[in-house]
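A.B. asks:
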Amino acid sequence: MPSDAVLETIGLGVRYGETRVIEDISLRIPERRVVAFIGPSGCGKSTLLRCFNRLNDLVPEARLTGQVLFRGRDLYGPAVDPADVRRSIGMVFQRPNPFPKSIFENIAFGLRINGFKDDIRDRVEVSLRAASLWDEVSHRLDADALGLSNGQQQRLCIARALAVEPEVLLMDEPASALDPIATGRIEDLIGSLRGDYTIVIVTNNMRQAARISDDTAFLYMGELVEYKETQRLFTNPEDRRTEDYITGRMG
Amino acid sequence: MSRPDGRLRPHGRLRAGRSRWGERLIGALLFGCGAVSILTTVGIVVVLLTQSLGFFTEVSPLEFLAGTRWSPDPAPRSFGILPLLNGTLLVAGGAALVALPAGLATAIYLSEYASRQTKRIVKPALEILAGIPTVVYGYFAVVFVTPILRAVFPGAGVFSAASAAVVVGIMILPMVSSLSGDALSAVPRSLREAAYGLGATRLEVSTRVVVPAGLPGIAASFILAISRAVAETMVVALAAGATPRMTLDVFESVQTMTAYVVQASLGDAPSGTIGYRALFAVGLVLFFITLALNLVSQRMAARFRESHT
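Sequence lines, in order, name chains B and U. Just remember that my numbering sits 223 ahead of the position in the first sequence, which is counted from 1. Just remember that my numbering sits 1 ahead of the position in the second sequence, which is counted from 1.
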């Protein structure tokens, strides 16, 4: 695993009120790699993901301990504006959540709030092409985004996230609400972004993790059990719990 | 049912010819309760229509709806409703100017900014505001708001549309903030997360995503609140005066439709006279205005619910 980490957690823990969701997690996300978080439901993988763009800030009872570093800088430091963090670290959610606006406006929104001054039309096209959606929507950019299929909506959300040129893309089970064909297209899309972006993806689908990721972290009950190159994790798990999970005996 | 071997077994329960009388009785009772309010509404409409019919045999609908002088008692009589409509619109419009921006701002604050503790205090406080009897608001207008207005604007009268408008505005503010707040809360969290995830600030999320998404619901709350302002009686009867007048000057005394109904009902107009019947014609107009506003509001709220399911 290359050592130049974009994101790093040191002894990271999160509680929601009295409930401990993740505890003492230390890991490094290397630059331009696709890292998958796997583990049974409730293991804390989405919570961990949401620490990277401070989205847990929106949950009033969430309490964070430990550190998250973004290129060596404390993401939760006193001088850090969470909005700035989220401009550099984009996110795609479990269910497609386009704004109830036109396809064009969905992408233009992020550009406008980021003070993007150049040709917005041009950037919209580039983003839609990057998300392999352009050919399907180029003739109806003014149509309501909610009229797209689920899979198209999710690719629109990816285009929306890419439009503001984030350094890191966080994906929280981006295909779990999609049918197999739409899922395949999202996976192809992640493949095409691989190498350009640092991507952290949470997935419930182990075969998906095996297909698309360079490195995989297995979380169990809020704890980081094993984290290594994907191929090694799946062929040669060291921990008994990892083995049980990937062979389907648990989870 | 436990068996000797302690296991559960499927058990057929279908029996023929059994009707549940209790259920039917409850159904009938509940229907009766609902019917009371429907019948009351029907009764009101029938009375308004029949009495108004008597009025319109003496005063032509055109004269009534287009006339600019309302003078029911001293001869020469004149029954043009426009001055009353003028008074109503002046007060309701002024109230809307006070309540809609402040109510929406309150709703945005409570739904997007306030901490849980703040909400726990502010929300019940607003509900108390909504529970104050309107006659108290009326006296509040007369003894508190009017003197301030007269001190600031020397031209303001003892009775003025402005005083009533400000107080009616304060009165309907909790309604706007609570119904708009419901509309904002109904906007899915996922949309907020999408916007925050792109680096939007709280203000950008509120004004560019949450408010636009909740707009039909907000509009519905606005219209309902205006309808409430149009129908408000006590405050305007006490603070706005009893001078039917065509004016846009908010510091003058005016008379609203509701205030006329109060004045006439208090015995100024003996039963059977034309002044008495005019009461019902005014009531009918008032009824149709609020009905129309409420229907529009309902349709918008329904559209809003559709777009979020």
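Each residue gets a CB set at the ideal place from its N, CA and C atoms; glycine is no exception. Fair warning: this is a prediction, and the values are worked out from it, not measured in the lab.
For G234 (chain B), I'd like the list of residues in its chain whose CB is within less than 8 angstroms of its CB, leaving aside the five on either flank, ordered along the chain.
C.D. replies: Translated into positions along the first sequence, residue 234 (chain B) becomes position 11. Same-chain partners within the cutoff: D247, I248, S249, T288, G289, Q290.
A.B. asks: What's the gap between the Cα of P1 (chain U) and the Cα of I109 (chain U)?
C.D. replies: Chain U is shown only over 2 to 310; residue 1 (chain U) falls outside these bounds and no answer can be derived.
A.B. asks: What is the DSSP secondary structure of V425 (chain B), counted as helix, strand or coil?
C.D. replies: Indexing the first sequence from 1 puts residue 425 (chain B) at position 202. Three-state result, V425 (chain B): strand.
A.B. asks: Which ranges does the alpha helix (DSSP H) cover as unbroken runs of at least 4 residues, wholly within the segment 74 to 154 of chain U, from first to last along the chain?
C.D. replies: As far as the segment 74 to 154 of chain U is concerned, its whole alpha helix (DSSP H) runs of at least 4 residues are 83 to 109, 117 to 132, 135 to 141, 147 to 153.
A.B. asks: With a threshold of 8 angstroms between beta carbons, is L204 (chain U) in contact with chain B?
C.D. replies: As a first step, residue 204 (chain U) must be located in the second sequence, where it is residue number 203. Cβ-Cβ to chain B under 8 angstroms: no for L204 (chain U).
A.B. asks: Compute the Euclidean distance between the alpha carbons of K451 (chain B) and T439 (chain B), then round it to the nearest angstrom.
C.D. replies: Indexing the first sequence from 1 puts residue 451 (chain B) at position 228. Indexing the first sequence from 1 puts residue 439 (chain B) at position 216. Taking the straight line from one Cα to the other gives about 6 angstroms.
A.B. asks: DSSP beta-bridge partners for D467 (chain B)?
C.D. replies: Start at 1 with the first residue of the first sequence, and residue 467 (chain B) comes out as number 244. For D467 (chain B), which the question treats as bridged, DSSP gives no partner whatsoever.
A.B. asks: Under 8 angstroms, do I45 (chain U) and A100 (chain U) count as touching if we go by C-beta distance?
C.D. replies: Looking up residue 45 (chain U) in the second sequence gives position 44. Looking up residue 100 (chain U) in the second sequence gives position 99. Going by C-beta atoms, I45 (chain U) is not nearer than 8 angstroms to A100 (chain U).
A.B. asks: Just the C-alpha distance for G198 (chain U) and L278 (chain B), rounded to the nearest angstrom, thanks.
C.D. replies: Taking the second sequence and counting its residues from 1, one reaches residue 198 (chain U) at position 197. Taking the first sequence and counting its residues from 1, one reaches residue 278 (chain B) at position 55. Between G198 (chain U) and L278 (chain B), the C-alpha separation is close to 7 angstroms.
A.B. asks: Kindly indicate which residue of U:L63, U:R306, U:Q256 has the alpha-carbon position closest to the one of V237 (chain U).
C.D. replies: Counting from one through the second sequence, the residue named residue 237 (chain U) turns up at place 236. Looking at the Cα atoms, U:Q256 is the closest of the given residues.
A.B. asks: In three-state DSSP terms, what is Y299 (chain B)?
C.D. replies: Along the first sequence, one-based indexing puts residue 299 (chain B) at 76. Y299 (chain B): coil per DSSP, three-state reduction.
A.B. asks: What residues match up with W357 (chain B) in a beta bridge as DSSP calls it?
C.D. replies: Counting from one through the first sequence, the residue named residue 357 (chain B) turns up at place 134. According to DSSP, which records beta bridges pairwise, W357 (chain B) is partnered with nothing at all.
A.B. asks: Against R10 (chain U), what residues of chain B qualify as contacts under a CB-to-CB distance less than 8 angstroms, listed in chain order?
C.D. replies: By one-based count along the second sequence, residue 10 (chain U) stands at place 9. The contacting residues do not exist; R10 (chain U) stays about 34 angstroms from chain B at best.
A.B. asks: For a contact meaning CB atoms closer than 8 angstroms, what does R383 (chain B) contact in chain U?
C.D. replies: As a first step, residue 383 (chain B) is located in the first sequence; it is residue number 160 there, counting from the start. The contacting residues are A195, L199.
A.B. asks: Closer than 8 angstroms, CB to CB, is D307 (chain B) near chain U or not?
C.D. replies: Taking the first residue of the first sequence as 1, we reach residue 307 (chain B) at position 84. Cβ-Cβ to chain U under 8 angstroms: yes for D307 (chain B).
A.B. asks: Quick check on this structure: which residue in B:P403, B:N320, B:D402, B:R335 has the alpha carbon closest to the alpha carbon of Q377 (chain B)?
C.D. replies: What you label residue 377 (chain B) is simply residue 154 of the first sequence in a count that begins at 1. With distances taken between Cα atoms, Q377 (chain B) lies closest to B:N320.
A.B. asks: Would you say N320 (chain B) lies against chain U (beta-carbon separation less than 8 angstroms)?
C.D. replies: Here residue 320 (chain B) refers to the residue found at position 97 when the first sequence is read from its first residue. Closer than 8 angstroms: yes.
A.B. asks: If I'm right that S178 (chain U) touches L127 (chain U) with Cβ under 8 angstroms, what's the distance once you round it to whole angstroms?
C.D. replies: Walking along the second sequence from the start, residue 178 (chain U) turns up at place 177. Walking along the second sequence from the start, residue 127 (chain U) turns up at place 126. Contact flag correct, Cβ pair sits at about 6 angstroms.
A.B. asks: In the DSSP assignment, find the alpha helix (DSSP H) that holds F332 (chain B) and state where it starts and stops.
C.D. replies: Counted from its first residue, the first sequence places residue 332 (chain B) at position 109. Looking at the DSSP string, the run of the alpha helix (DSSP H) that includes F332 (chain B) is 326 to 336.
A.B. asks: Is G236 (chain B) helix, strand or coil by DSSP?
C.D. replies: In the first sequence, counting from the first residue as 1, residue 236 (chain B) sits at position 13. In the structure shown, G236 (chain B) sits in a strand (DSSP, three-state: E or B).
A.B. asks: Please give me, in chain order, every unbroken run of the alpha helix (DSSP H) with length at least 4 that falls completely inside the segment 23 to 83 of chain U.
C.D. replies: If we require 4 residues or more, the alpha helix (DSSP H) runs fully inside the segment 23 to 83 of chain U come out as 62 to 67.
A.B. asks: Can you tell me whether DSSP reads G340 (chain U) as helix, strand or coil?
C.D. replies: Any property of residue 340 (chain U) remains undetermined from this structure, which presents chain U solely from 2 to 310.
A.B. asks: For the alpha helix (DSSP H) containing E410 (chain B), list its first residue and its last residue.
C.D. replies: In the first sequence, the residue the question calls residue 410 (chain B) occupies position 187. From DSSP, the alpha helix (DSSP H) with E410 (chain B) extends over 403 to 416.
A.B. asks: Name the residue from B:A384, B:L442, B:Y420 whose alpha carbon lies nearest to the alpha carbon of T426 (chain B).
C.D. replies: Sequence index remark: in the first sequence, residue 426 (chain B) carries index 203 (1-based). Of the listed residues, the one whose Cα sits closest to T426 (chain B) is B:L442.
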